[in-house]
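Q: If you read the protein sequences in the order shown, they are chains Y and S. Going by the numbering used here, the first sequence opens with residue 2, and the numbers climb by one from there. Going by the numbering used here, the second sequence opens with residue 74, and the numbers climb by one from there.
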Amino acid sequence: MQTLVQQVLNALQLGSVYALIALGYTMVYGIITLINFAHGDIFMVSTYVAFFVGTALMSQLLRLPGIVVFVLTVLAAMFATALLAVLIERFAYKPLRQAPRVSAVITALGVGLFLENFTLATIGPDPRFLPKFFPVVTFTMGGVAFSNIQIIIIAVSAVVMLLLDTIVRRTMVGMAMRAVSWDKFTAPLMGVPVDRIISITFAIGASIAAIGGTLFGMVYTVDPYMGIRIGWWAFISAVVGGIGNIRGAMIGGYILGFVEIFTPVILPASTYRDFVAFSLLLVLLIFRPYGILGRPVAQKV
Amino acid sequence: MKRPSLSFLSRVLAPLRAAYESLPPPVRRWTTPMLLAVFFVIALFSPSFINLYWQQVLIYVGINIILTASLNLVNGYMGEFSVGHAGFMAVGAYVASILTVWVFPRWGLGEYVPYLFPLALLIGGLAAGLTGLVIAFPSFRTRGDYLAIVTLAWNMIVKSVLENIDAIGGPRGFMGMQKLTSVAWVYVWVIITIYLLRNLVYSNFGRGTLSIREDEIASSLVSVDTRKVKITVFVVAAFFAGIAGGLFAHIIQFINPRSFSILKSTDVLVMVYLGGIGSLGGSILGATVYTVLLELLRPLQVWRWVVGPLLLVLLMIFRPYGIMGMREWRFLIPPEERVETVAALMERIRRKREAVAAPAPAGGSSG
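Structure representation (structure tokens):
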């Protein structure tokens, strides 16, 4: 029972990060039906930004309190990755909006590989650690140990997701996003600035990934390949939940978090993790091709 | 889809084509087979005059041509987006390797392994083709992005399963293969692949494939058996990927699940879209250019993986159809399918008119 609760906490922690990244995939897909394969690598870049900014700010000269450094680091990572995502959209995806859809997907793959290998070539493959913003405090409650970092990750993610849900459902920007996603030919006729909304979507998706990246870096190591490793899992989360559907991505993220944590508990080795996750995906897509919350698109002749 | 304008290459090759078309028909009929035979002899004796490094590059070019052309059948001709081609390659590679390393020697056929190599490749290809059904069945229900994700999942599952079977080395990989793949073998398989794929694409069945790309519902309404077409296309593509995998395993003599990761699939995708979809000539060109380019960029070390994707992105932005998307080299089109170029047609009409206007002896017509 104790291990179960313990594992649930771990799964929630990992699932939060997956959900935050999955949101970026799903938002971009929802608005321009592009699988943005570069998103995982944008997440990777964000953790590197967090690493450099965090390390610089934590230096003994400034003597800033940990919480201030944490907030500044997150903001810096959000800003840098939002800028990166908007630039990528502007220079790599926008010229292809009229081209065959596959060209854009290939371009996204290319941008992802570029970011990954550029990081590899300039920064190197060694794993790095984010500085400790807070002293780790471990609480024990009824035999279950959990740290303040875990609580922060789960809580911050939940707040961010609630905030995003509110933005999309209650604000003008959110309404515009939904309008573009609903019908990108009629939306501009109603005065929606489509290009700007697409840029905003990329920026929001990337900055949420940056929050996820900083949180992730507080627990795990940072290396150039994490974009693929974590990115793919987040992508599956988005698909499982129904790509294009924001609440679906959140649910999918937690499902995948649970799959990853509970597979080694049930099966003999952690190497079966990928197998289980992808088989789940395959079976789900065969029986429910549009994900858990996705709605099938009616085909017209 | 509309066809992009004439490429630079075909303009460069125009004089060559003109020379070819001036040959008398019986000679023309035999030109391609003769050239293929000459190239085969060259390939057979290539080890004596090409160094090992370039032999290996040639072999990789050939393997990549097979992979690219077969993926083009799915992605280019049928218009699906398969991103898991390396999964089929892995099946072929492992099955062929197990046959040549364990099964044949255990049956007391150890010394005949070099002669049984094609058989091993075929069985590997068939095994891979069988697994092609795994993608074919979901494709009845799902299309587009979701099918792409199914193929992606398939690639990851194959890799994960191979990593977990300890008998064939698990994540450590499988070795002990002899170096059986030679330039001549690869050449033969490339010719077989291109020939069969060409016949497939220009058959009645191939038209069904194209019609699915353009509009699946419409094609099913004109009684194209879309399920049959999909099964065949996925199985055939997987078969050739398996063959390529077998060839690959017997040149690097060491395979591990990581050799067949999603990165390998991405490589093949890049070659398909670099060469251009819906074109076998494009696949040959794309595979060759990409493979040789990566070899030439080798001095850049890590940076070549930075330059490569960047080139891909630029290519997609400035030439979204690839080098020769939706167009084909003339010699790859069956003679009865060849469309006259507008210039040739005009010339023929002009000659006919002149002949009607001035009924002079045949020798007197102007050039």
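Where is the CB? At the ideal position from N, CA and C, for every residue including glycine.
With a threshold of 8 angstroms between beta carbons, is Y273(Y) in contact with chain S?
A: Yes - at least one Cβ of chain S is within 8 angstroms of the one on Y273(Y).
Q: Between P194(Y), I155(Y), I201(Y), V75(Y), which lies nearest to A86(Y) when the distance is taken from Cα to Cα?
A: Nearest of P194(Y), I155(Y), I201(Y), V75(Y) to A86(Y), Cα basis: I201(Y).
Q: Would you check if there are 3 or more beta carbon pairs closer than 8 angstroms linking the stretch 197–205 of chain S to the stretch 294–301 of chain S?
A: Flag = no, the stretch 197–205 of chain S and the stretch 294–301 of chain S do not touch.
Q: Can you tell me which of the three DSSP states S148(Y) falls into?
A: In the structure shown, S148(Y) sits in a strand (DSSP, three-state: E or B).
Q: In terms of alpha-carbon separation, which member of V85(S), F404(S), F177(S), S338(S) lies closest to L108(S)?
A: Considering only alpha carbons, the answer is F404(S).
Q: Assuming F107(Y) contacts L342(S) under a Cβ cut-off of 8 angstroms, what Cβ separation, rounded to an integer in Å, is found between them?
A: With the sequence shown as reference, residue 107(Y) is identified as Ile, and Phe is not the correct amino acid for it. That pair is a contact at about 7 angstroms.
Q: So which residues of chain S does T264(Y) contact, with C-beta pairs closer than 8 angstroms?
A: The contacting residues do not exist; T264(Y) stays about 11 angstroms from chain S at best.
Q: Is S143(S) near A314(S), with beta carbons less than 8 angstroms apart?
A: Cβ atoms of S143(S) and A314(S): closer than 8 angstroms.
Q: If I follow the unbroken alpha helix (DSSP H) through F122(S), where does it start and stop?
A: No alpha helix (DSSP H) contains F122(S), which DSSP labels as neither H nor E.
Q: Going by DSSP, what residues sit across from R403(S) in a beta bridge?
A: Its beta-bridge partners do not exist; DSSP assigns none.
Q: If you measure between the beta carbons of A12(Y) and I262(Y), is that distance less than 8 angstroms?
A: Yes, these two residues count as a Cβ contact at 8 angstroms.
Q: Using a Cβ-Cβ cutoff of 8 angstroms, what residues of the stretch 133–159 of chain S are near chain Y? List them in chain order.
A: Cβ contacts with chain Y: N148, F154.
Q: According to DSSP, is V297(S) part of a helix, a strand, or is it coil?
A: In this structure, V297(S) counts as coil in the three-state DSSP scheme.
Q: For the putative contact between G165(S) and I357(S), defined by C-beta atoms under 8 angstroms, what is the C-beta separation to the nearest angstrom?
A: Not quite, the Cβ-Cβ distance comes to about 20 angstroms (not below 8 angstroms), so this is no contact.
Q: Give the residues from the stretch 207–226 of chain S that approach chain Y closer than 7 angstroms (Cβ to any Cβ), ordered along the chain.
A: Within the stretch 207–226 of chain S, the residues whose Cβ lies closer than 7 angstroms to some Cβ of chain Y are P211, R214, T215, D218, Y219, I222, V223, A226, listed in chain order.
Q: Measuring only the C-alpha atoms, how far is Y394(S) from A20(Y)?
A: C-alpha separation (whole angstroms): 35 angstroms.
Q: Determine whether the Cβ of Y346(S) lies closer than 8 angstroms to any Cβ atom of chain Y.
A: So, interface residue.
Q: Contact criterion: CB-CB distance below 8 angstroms. Does F115(Y) meet it with respect to chain S?
A: With 8 angstroms as the cut-off, F115(Y) counts as an interface residue toward chain S.
Q: What residues are listed by DSSP as bridge partners for F327(S)?
A: Answer is M248(S), bridged to F327(S).
Q: Please report the straight-line C-alpha distance between L225(S) and I32(Y), rounded to a whole angstrom.
A: Cα to Cα, the separation comes out at about 23 angstroms.
Q: Rounded to a whole number of angstroms, what is the C-alpha to C-alpha distance between T264(Y) and M59(Y)?
A: Spanning the two alpha carbons is a distance of roughly 37 angstroms.
Q: Over the uninterrupted beta strand (DSSP E) stretch that includes T141(Y), give me the two end residues.
A: Looking at the DSSP string, the run of the beta strand (DSSP E) that includes T141(Y) is 139–142.
Q: Output the distance between the C-alpha atoms of I287(Y) and S212(S), rounded to the nearest integer angstrom.
A: Each residue's Cα considered, the two are about 9 angstroms apart.
Q: Taking just the CA atoms, how far does R421(S) sit from G437(S)?
A: Note that G437(S) has pLDDT 47, beneath the 50 cutoff, so the model's placement of it is unreliable and the number below is only indicative. Each residue's Cα considered, the two are about 16 angstroms apart.
Q: Any idea if G144(Y) is buried or exposed, counting beta-carbon neighbours within 10 angstroms, 16 or more meaning buried?
A: Exposed, because fewer than 16 other Cβ atoms sit within 10 Å of the Cβ of G144(Y).
Q: Taking 8 angstroms as the CB-CB limit, is G111(Y) close to chain S?
A: Yes, G111(Y) counts as interfacial toward chain S.
Q: Please classify Q374(S): is it buried, with 16 or more other beta-carbons within 10 angstroms of its beta-carbon, or exposed?
A: That one is exposed.
Q: Give a yes or no on whether 8 angstroms exceeds the smallest Cβ distance from L358(S) to chain Y.
A: False, the Cβ-Cβ gap to chain Y never drops below 8 angstroms.
Q: Using a Cβ cut-off of 8 angstroms, pull out every chain S residue sitting near V240(Y), in sequence order please.
A: The contacting residues are Y219, I222.
Q: For the 8 angstroms Cβ check, are there 3 or more pairs between the stretch 148–161 of chain Y and the stretch 209–222 of chain Y?
A: Result yes; three or more Cβ-Cβ pairs closer than 8 angstroms.
Q: Indicate the three-state DSSP secondary structure (helix, strand or coil) for R179(Y) in the structure shown.
A: Helix.
Q: Bridge partners of R129(Y), per DSSP?
A: R129(Y) pairs with V223(Y).
Q: Buried or exposed, going by whether 16 or more other CB atoms sit within 10 Å of the CB of V50(Y)?
A: By the 10 Å Cβ count, V50(Y) comes out buried.
Q: Leaving out five residues on either side along the sequence, give the residues of the same chain with a beta carbon under 6 angstroms from the beta carbon of G175(Y).
A: Taken in chain order, the residues that qualify are I168, V169.
Q: Could you check whether the Cβ of V54(Y) sits closer than 7 angstroms to any heavy atom belonging to the ligand HEM?
A: By its list of ligands, the structure shown contains no ligand whatsoever, and the ligand HEM lies outside what it can speak to.
Q: Is there a Cβ from chain Y that is less than 8 angstroms from the Cβ of S296(S)?
A: Chain Y contact via Cβ: absent.
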